[in-house]
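**Student:** Residue numbers (this note's numbering), protein chains in the order written: chain A, 155 to 302; chain B, 7 to 217.
Ideal Cβ placement from N, Cα and C applies to all residues, glycine included.
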Amino acid sequence: MQTLLAALGAVALAPSAGPSAAVSPDTVTPGGPVTFSVVCAEGVREADVAGTTLGLPERIPMEPGKTSGVFSVTVNIPTSTQEGTFNVSIDCGDGTSAVVQLVVAPTGGVPTGGGAMSRPPNHALMAAGGGLLVIGAAGALMLRRRTA
Amino acid sequence: MTLLVRPDGRWRALPALLIIALVVAGVTMIGRSLGTAPPLVPAGSGFSGITGNFMAGASAPVRVVISAIGVDAPVERVDVGDDGMLQPPSLSEAARVGWYRRGPTPGERGNAVLVGHVDTAATGPAVFYELGRLKPGDGVTVARQDGSAATFRVDSVQLFDKTSFPAGQVYGPAGDARLQLVTCGGTFDREREGYLGNTVVTASLVSSTPG
Numbered sequence: 155m156q157t158l159l160a161a162l163g164a165v166a167l168a169p170s171a172g173p174s175a176a177v178s179p180d181t182v183t184p185g186g187p188v189t190f191s192v193v194c195a196e197g198v199r200e201a202d203v204a205g206t207t208l209g210l211p212e213r214i215p216m217e218p219g220k221t222s223g224v225f226s227v228t229v230n231i232p233t234s235t236q237e238g239t240f241n242v243s244i245d246c247g248d249g250t251s252a253v254v255q256l257v258v259a260p261t262g263g264v265p266t267g268g269g270a271m272s273r274p275p276n277h278a279l280m281a282a283g284g285g286l287l288v289i290g291a292a293g294a295l296m297l298r299r300r301t302a
Numbered sequence: 007m008t009l010l011v012r013p014d015g016r017w018r019a020l021p022a023l024l025i026i027a028l029v030v031a032g033v034t035m036i037g038r039s040l041g042t043a044p045p046l047v048p049a050g051s052g053f054s055g056i057t058g059n060f061m062a063g064a065s066a067p068v069r070v071v072i073s074a075i076g077v078d079a080p081v082e083r084v085d086v087g088d089d090g091m092l093q094p095p096s097l098s099e100a101a102r103v104g105w106y107r108r109g110p111t112p113g114e115r116g117n118a119v120l121v122g123h124v125d126t127a128a129t130g131p132a133v134f135y136e137l138g139r140l141k142p143g144d145g146v147t148v149a150r151q152d153g154s155a156a157t158f159r160v161d162s163v164q165l166f167d168k169t170s171f172p173a174g175q176v177y178g179p180a181g182d183a184r185l186q187l188v189t190c191g192g193t194f195d196r197e198r199e200g201y202l203g204n205t206v207v208t209a210s211l212v213s214s215t216p217g
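Given below as structure tokens:
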């Protein structure tokens with residue numbers, strides 16, 4: 155019995171793998187919302203996101219979830235945040251922390267064309283071409299009549 | 007009507023030729039009147055990339071070679087502009103490819119982004135004009151500043167509307183080394199002077215040579 159208790163104590167005291175954290179979506183454009191979440195050790199009362207690198211408050215308190223030790227918070231990335239890859243630290247109240255990677259990406263698509271190789275349909279040219287075909291057909295009909 | 011036929015009832019050559027010329031001109035004009043667009047892209051295929059495959063160090067790209075479409079071009083650094091959009095090399099340097107400097111370098115873990123023009127109004131086809139013709143399995147080699155080279159294999163070729171540009175796929179985190187080649191595609195909007203879509207080619211690292 156003594157050894158069993160000692161073993162349990164050792165498991166409880168052994169350094170765990172630490173909290174697991176996530177950010178969703180992991181890619182956002184400036185101004186967009188992201189949700190940080192973390193699973194701290196059971197019984198931990200609070201957790202926060204270190205927002206300084208993202209241009210957010212230094213400590214963003216997270217809201218506790220239904221399960222003990224689980225927290226999440228949704229924030230908008232400021233429009234002034236410079237694009238790039240950010241390693242964001244999420245800190246549990248017991249002093250442990252985890253790091254998530256968030257990419258702040260350029261907005262929209264990439265303007266990569268001047269348009270020389272693309273033309274919309276030219277209706278005037280289409281009509282003119284059709285007119286020439288009609289004249290040609292009429293001429294051919296006339297010739298056929300004369301030769302017949 | 008004697009202009010059109012000879013007195014013996016046979017066709018005169020000149021009017022007959024004139025009619026043929028009219029028909030040819032008419033068909034040509036109709037043909038030219040139907041719009042054109044850069045090469046179409048096939049339906050995208052799924053990813054086949056190996057996970058956890060990447061080079062150790064960062065080194066900026068200096069040249070990109072895509073032999074399947076005859077591309078061998080210098081690479082310069084590009085960044086986001088004041089409007090928050092990625093700025094490709096200037097239209098006067100449409101033979102150059104731009105590397106998004108805030109992302110990973112080609113060969114590093116993550117998505118390295120290379121952008122190039124599809125065409126310019128002044129000079130016609132540009133460096134990535136044929137990008138949409140690439141097929142899964144085609145090779146892309148990037149020479150890096152430290153003398154090393156990274157070779158990628160195309161996983162997918164896709165066309166996206168710019169309003170639904172896949173930021174996560176192109177810029178997002180990735181466990182292995184990937185390359186995202188981006189150019190314009192789809193319909194050209196005369197009034198906004200830009201293409202409405204982006205062609206995105208995704209490739210995975212298959213081999214590398216040290217510097």
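Note down, in chain order, each residue of its chain lying with its Cβ closer than 8 Å to the Cβ of B/Ala155, except the 5 sequence neighbours on either side.
**Tutor:** Taken in chain order, the residues that qualify are Thr147, Val148, Ala149, Ser214, Thr215.
**Student:** Going by DSSP, what residue range makes up the beta strand (DSSP E) through A/Arg213?
**Tutor:** A/Arg213 -> no beta strand (DSSP E), and no H or E assigned at all.
**Student:** For a contact defined as C-beta to C-beta under 7 Å, what are the partners of A/Pro111 on chain B?
**Tutor:** As displayed, chain A neither begins before 155 nor continues past 302, which places residue 111 of chain A out of reach and without an answer.
**Student:** At a cut of 8 Å, does the region 246-260 of chain A reach the region 226-238 of chain A through at least three beta carbon pairs?
**Tutor:** In short, these stretches touch, since the Cβ pair count reaches three.
**Student:** Counting C-beta neighbours from all protein chains within 10 Å, is the total for B/Asp89 16 or more, i.e. buried, or is it exposed?
**Tutor:** Flag for B/Asp89 reads exposed.
**Student:** Assign B/Pro266 to one of three DSSP states: helix, strand, or coil.
**Tutor:** Lying before the first or after the last residue shown, residue 266 of chain B is absent from chain B, which here runs from 7 to 217.
**Student:** Quick one: complete beta strand (DSSP E) runs, 3+ long, within the region 223-295 of chain A?
**Tutor:** Runs of the beta strand (DSSP E) inside the region 223-295 of chain A: 224-230, 238-246, 251-258.
**Student:** Runs of 3 residues minimum, wholly inside the region 184-214 of chain B: which ones carry the beta strand (DSSP E) assignment?
**Tutor:** You should have found no qualifying run.
**Student:** Only counting runs of 3 or more residues, tell me where the beta strand (DSSP E) segments fall wholly within the region 88-176 of chain B, in order along the chain.
**Tutor:** You should have 103-106, 116-121, 145-150, 155-167.
**Student:** For B/Ser98, which residues in chain A fall below 7 Å Cβ to Cβ?
**Tutor:** Neighbours of B/Ser98 on chain A: none; closest Cβ ~10 Å, over 7 Å.
**Student:** Out of A/Pro265, A/Pro275, A/Val227, which one is the CA nearest neighbour of A/Ala175?
**Tutor:** Per the Cα distances, A/Val227.
**Student:** Output yes if chain A places a C-beta closer than 8 Å to the C-beta of B/Gly130; else output no.
**Tutor:** Closer than 8 Å: yes.
**Student:** Got a sec: which bits of the region 258-272 of chain A sit with their beta carbon under 7 Å from any beta carbon on chain B, in order along the chain?
**Tutor:** Result list: Ala259, Pro260, Thr261, Gly262, Gly263, Val264, Pro265, Thr266, Gly267, Gly268, Gly269, Ala270, Met271, Ser272.
**Student:** Using beta carbons (cut-off 8 Å, strictly below), is B/Thr208 in contact with chain A?
**Tutor:** Output row for B/Thr208: interface = no.
**Student:** Per DSSP, what kind of secondary structure is A/Arg300 in: helix, strand or coil?
**Tutor:** Helix, per DSSP.
**Student:** Would you identify the three-state DSSP class for B/Arg69, choosing helix, strand or coil?
**Tutor:** Note: B/Arg69 maps to strand in three-state DSSP.
**Student:** A/Ala175 by DSSP, collapsed to three states: which one?
**Tutor:** A/Ala175 falls in the strand class under three-state DSSP.
**Student:** By how many angstroms is the C-alpha of B/Phe134 removed from the C-alpha of A/Pro173?
**Tutor:** Roughly 45 Å separates the two Cα atoms.
**Student:** Mind checking who A/Thr181 pairs with in its DSSP beta bridge?
**Tutor:** Paired residues: A/Val257.
**Student:** In the DSSP output, which residue or residues are listed as bridge partners for A/Phe190?
**Tutor:** Partner(s): A/Val177, A/Val227.
**Student:** With H, G and I counted as helix, E and B as strand and the rest as coil, what does DSSP make of A/Val198?
**Tutor:** Looking at A/Val198 - three-state DSSP - the assignment turns out to be coil, as it is neither helix nor strand.
**Student:** By DSSP's criteria, B/Asp78 is part of a beta bridge. Which residues make up the other side?
**Tutor:** The partner list for B/Asp78 (beta bridge, DSSP) reads B/Val71.
**Student:** If you compare alpha carbons, which of A/Val193, A/Gly185, A/Val203 is closest to A/Thr221?
**Tutor:** Of A/Val193, A/Gly185, A/Val203, the residue nearest in Cα terms is A/Val193.
**Student:** Measuring only between beta-carbons, confirm whether A/Asn241 sits less than 8 Å from chain B.
**Tutor:** Not an interface residue.
**Student:** For B/Ala127 and chain A, any beta-carbon pair shorter than 8 Å?
**Tutor:** With 8 Å as the cut-off, B/Ala127 counts as an interface residue toward chain A.
**Student:** If you measure from the beta carbon of B/Ile25 to each beta carbon in chain A, is any gap under 8 Å?
**Tutor:** Judged by the 8 Å Cβ criterion, B/Ile25 is in contact with chain A.
**Student:** What residues match up with A/Val203 in a beta bridge as DSSP calls it?
**Tutor:** Paired residue(s): A/Ile214, A/Ile244.
**Student:** Within 10 Å of its beta-carbon, does B/Val206 have 16 or more other beta-carbons around it, so buried, or fewer, so exposed?
**Tutor:** That one is buried.
**Student:** Measure from the C-beta of A/Met280 to each C-beta in chain B and report whether the shortest distance is under 8 Å.
**Tutor:** By this cut-off, A/Met280 is an interface position.
**Student:** Nearest to B/Ile25 by alpha carbon, out of A/Arg300, A/Ile289, A/Pro215, A/Arg298?
**Tutor:** The option with the nearest alpha carbon to B/Ile25 is A/Ile289.
**Student:** Assuming B/Leu92 and A/Val264 form a contact by the criterion Cβ under 8 Å, report the distance between their Cβ atoms to the nearest whole angstrom.
**Tutor:** The pair is a contact, with the Cβ atoms about 5 Å apart (cut-off 8 Å).
**Student:** Mind checking whether B/Ala79 and B/Ala101 have CB atoms under 8 Å apart?
**Tutor:** Yes, these two residues count as a Cβ contact at 8 Å.
**Student:** For A/Asp245, which residues from the same chain have a beta carbon less than 7 Å from its beta carbon, with the 5 sequence-adjacent residues on both sides left out?
**Tutor:** Here the set comprises Ala201, Asp202, Ala204, Ser251.
**Student:** Can you give the Cα-Cα distance for B/Asp167 and B/Leu20, rounded to whole angstroms?
**Tutor:** Going from the Cα of B/Asp167 to the Cα of B/Leu20 covers about 52 Å.
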